[in-house]
Amino acid sequence: MLESNCPLYNTLTDSDYAPIIQLQNVYKSYINGQISQPVLHDISLDIDAGEFVAIVGASGNGKSTLLNLLAGIDKPCQGQVHVCGSALHQLTEEQLSVWRGKNIGIVFQFFQLLPSLSVLQNILLPMDFVAKKPKRERLERARYLLDLVGVSDQAQKLPSQVSGGQQQRAAIARALANDP
Ligand SMILES: Nc1ncnc2c1ncn2[C@@H]1O[C@H](COP(=O)(O)OP(=O)(O)OP(=O)(O)O)[C@@H](O)[C@H]1O
Ligand SMILES: [Mg+2]
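Okay, so the sequence shown: first residue is 1370 according to the working numbering, each after it adds one.
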């Protein structure tokens, strides 16, 4: 535990204590035709670096909607979303997609692997988009990640040719590709 007389404590600044994820008074509604369906109503929360958090609740009550806001996939109707020091509610779609590629690894509820790419190509794609890793390291990393999740023998198949659990594993490998 850090204490105030600890040398490390004295070298830390206020920003070192800022939550890594912070939502302030967030509202999110979906528009279906003329009807607005409120899903998130005045949500505020702080999550610190290293915290392991589970969001639980009944089906349809807004968990994926909340995760989409934290991951910069969607924007709030109102309120502020700060993640890793970035004000996501203020970024353009283009800025958000660059930010996501560098910072976020997400396993989608329905995996969302690209159907025309092999399992291996699905892992390579985010690395090629973001170019965080040198090109020569990407293939080796993709193979390493597929091995880590136990589907290296499925690398050349299309997602439709592997099982649901294998797709889920490939989606986990893809989420780790850029070391988010
Ligand atoms: N793109 C959308 N357009 C319109 N309504 C949506 C959309 N996505 C979700 N909803 C609605 O918003 C509500 C919250 O959906 P969400 O997907 O966040 O729920 P969830 O908590 O993740 O549910 P589950 O546990 O079933 O995955 C639901 O009532 C859903 O019907
Ligand atoms: Mg969901």
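Ideal Cβ placement from N, Cα and C applies to all residues, glycine included.
Quick one: what's Ser1455 bridged to in DSSP? Paired residue(s): Val1452.
In terms of residues, what are the limits of the alpha helix (DSSP H) holding Gln1481? For Gln1481, no alpha helix (DSSP H) encloses it, and the DSSP letter there is neither H nor E.
Residues near ligand 1, criterion Cβ-heavy atom distance below 5 Å: This criterion selects Tyr1399, Val1408, Ser1428, Gly1429, Asn1430, Gly1431, Lys1432, Ser1433, Thr1434.
Can you tell me whether Ser1487 is buried or exposed, with buried defined as 16 or more other CB within 10 angstroms of its CB? Counting Cβ neighbours within 10 Å, Ser1487 comes out buried, since at least 16 surround it.
Can you give me the Cβ contacts of Val1518 inside the same chain, cut-off strictly under 6 Å, excluding the 5 residues immediately before and after it? Closer than 6 Å at Cβ, skipping near neighbours: Arg1538, Ile1541, Ala1542.
Cross-strand partners of Ile1390 (DSSP beta bridge): Ile1416, Val1452.
For Leu1482 versus Pro1528, is the C-beta distance shorter than 8 Å? Against a cut-off of 8 Å, the Cβ pair of Pro1528 and Leu1482 comes out as a contact.
Decide if the region 1453-1471 is in contact with the region 1429-1442; the criterion is three or more beta carbon pairs, one per stretch, under 8 Å apart. Verdict: yes, contact present.
By how many angstroms is the C-alpha of Gly1448 removed from the C-alpha of Ile1404? Answer to the nearest angstrom: the Cα atoms are 21 Å apart.
Where Gln1523 sits in the DSSP three-state scheme: Residue state, collapsed to three classes: helix.
By alpha-carbon positions, which one of Leu1460, Gly1533, Ala1524, Val1395 ends up nearest to Thr1434? Among Leu1460, Gly1533, Ala1524, Val1395, the Cα nearest to that of Thr1434 is on Val1395.
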